[in-house]
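Trainee:
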Amino acid sequence: GYGPLRDLLRTRIRHAGALHLGDAHDLFEQWWVPVGNAPADGAWVRNDHEALLGMFCLEARRVGVVLIADDRGITEDWMRESLVAHGILSTSSLWPGLDPAPGTVAPDTFAVTSLATVAHPSGTPTAGLLAGEQVELRQRLGLSRDADAERRAARAERDAIQATLTELGLLGADPSEREFVEALHRYVASAPSMLMSVTMADGVGERRPAGVPAARDLY
Numbered sequence: 001g002y003g004p005l006r007d008l009l010r011t012r013i014r015h016a017g018a019l020h021l022g023d024a025h026d027l028f029e030q031w032w033v034p035v036g037n038a039p040a041d042g043a044w045v046r047n048d049h050e051a052l053l054g055m056f057c058l059e060a061r062r063v064g065v066v067l068i069a070d071d072r073g074i075t076e077d078w079m080r081e082s083l084v085a086h087g088i089l090s091t092s093s094l095w096p097g098l099d100p101a102p103g104t105v106a107p108d109t110f111a112v113t114s115l116a117t118v119a120h121p122s123g124t125p126t127a128g129l130l131a132g133e134q135v136e137l138r139q140r141l142g143l144s145r146d147a148d149a150e151r152r153a154a155r156a157e158r159d160a161i162q163a164t165l166t167e168l169g170l171l172g173a174d175p176s177e178r179e180f181v182e183a184l185h186r187y188v189a190s191a192p193s194m195l196m197s198v199t200m201a202d203g204v205g206e207r208r209p210a211g212v213p214a215a216r217d218l219y
């Protein structure tokens, strides 16, 4: 009856208004590896997602908590449809991908049933993205295949979004880093998303990410 998980969930939501469930794909299936085997010897194991999501929603509804899941990456369309059907919000970000994936997404394309953010909470903070911190960090950790190309892409991305903000009247000439970050948040606030979040890292101007993909033992 999902007793242990239900108890954990009740503890988490006792004093919360919303709960982020993590990677949406993990709610549907997980990669299991037999003890003593290499990761490549594993297999995808499908969860009873209808029971799992139903339990989450029942407990959340009892106390009026909003549920959110991260549907980036390998989340499939049918999984996203199931999240919508259960009333679980997805995530929409101006910088949506894992670093250093290039390209931004216009806020007016964000899903209504989503939580809007500027930078993804688990990625590089907004000030860091503007400064190209993710590129320099990846190079220092030995993860970058072509740092110069990544720098050019990051700079082009910054220039493109700056031009957009200036055209919309959200940013003046020669902006400071703080003005740039605040303008990006005003831009994202125009999205049709039901909720928007601002990270503590962006609130204090932090540039360093909390974690780096593929660098668990390095950073």
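For the sequence shown, position 211 matches number 211 in this note's numbering, and the numbering has no gaps at all. From the three backbone atoms N, C-alpha and C, an ideal C-beta is built for every residue, glycine too. Computed from a predicted structure; not experimentally measured.
Using a Cβ-Cβ cut-off of 7 Å (strictly less than) and excluding sequence neighbours within five positions of Glu-29, which residues of its own chain qualify?
Mentor: Trp-44, Val-45, Arg-46, Asn-47, listed in sequence order.
Trainee: If Ala-147 and Gln-139 are in contact, beta carbons under 8 Å, what's the gap, nearest whole angstrom?
Mentor: Yes, they are in contact, since the Cβ atoms of Ala-147 and Gln-139 sit about 4 Å apart, within 8 Å.
Trainee: Which same chain residues, not among the five before or five after Asp-99, have their C-beta less than 6 Å away from its C-beta?
Mentor: Since pLDDT at Asp-99 reaches only 49, below the 50 mark, its modelled position is unreliable, and no value is offered.
Trainee: Compute the distance between the beta-carbons of Leu-165 and Leu-141, then report whether it is under 9 Å.
Mentor: No, Cβ-Cβ distance for Leu-165 and Leu-141 is not below 9 Å.
Trainee: What separation, rounded to the nearest whole angstrom, lies between the Cα atoms of Ile-88 and Gly-128?
Mentor: Going by the C-alpha atoms only, they are around 30 Å apart.
Trainee: Quick check: does the Cβ of Asp-70 come within less than 8 Å of any heavy atom belonging to the ligand MN?
Mentor: This structure lacks the ligand MN; in fact it carries no ligand of any kind.
Trainee: Would the beta-carbon of Leu-67 fall within 9 Å of that of Tyr-2?
Mentor: No, Cβ-Cβ distance for Leu-67 and Tyr-2 is not below 9 Å.
Trainee: List the whole-angstrom C-beta distance separating Asp-202 from Val-65, where the pair is believed to meet the contact cut-off of C-beta under 8 Å.
Mentor: Not a contact, Cβ separation roughly 24 Å.
Trainee: Is Gly-54 close to chain C? Criterion is C-beta to C-beta, closer than 9 Å.
Mentor: Absent from the structure is chain C; it holds one protein chain and no more.
Trainee: Could you give the DSSP three-state label for Glu-29: helix, strand or coil?
Mentor: Strand at Glu-29.
Trainee: Give me the DSSP bridge partner(s) of Asp-23.
Mentor: BP columns for Asp-23 point to Asp-70.
Trainee: Do you know offhand how far Ala-111's Cα is from Leu-21's?
Mentor: So the alpha carbons of these two residues sit roughly 18 Å apart.
Trainee: In terms of residues, what are the limits of the alpha helix (DSSP H) holding Val-188?
Mentor: Val-188 -> alpha helix (DSSP H) spans 177-188.
Trainee: Take Pro-192 as the anchor and find which of Pro-107, Asp-7, Phe-180, Asp-217 has the nearest alpha-carbon.
Mentor: It is Pro-107 whose Cα lies nearest to the Cα of Pro-192.
Trainee: Please state whether DSSP places Ser-82 in a helix, a strand or coil.
Mentor: Correct three-state label for Ser-82: helix.
Trainee: To the nearest angstrom, how far is it from the Cα of Arg-178 to the Cα of Gly-205?
Mentor: Going by the C-alpha atoms only, they are around 7 Å apart.
Trainee: Looking at the strands, I want to know which residues DSSP matches up with Ala-119.
Mentor: Answer is Trp-95.
Trainee: Would you kindly work out how many angstroms separate the C-alpha atoms of Pro-209 and Pro-96, rounded to a whole number?
Mentor: One C-alpha to the other measures close to 15 Å.
Trainee: Once DSSP output is grouped into helix, strand and coil, what is the label at Val-63?
Mentor: Three-state DSSP puts Val-63 in a helix.
Trainee: In the structure shown, what three-state DSSP assignment does Pro-100 receive?
Mentor: Bear in mind that the predicted position of Pro-100 carries a pLDDT of just 48, short of 50, making it unreliable; the figure below should be weighed with that in mind. Three-state DSSP puts Pro-100 in coil, outside helix and strand.
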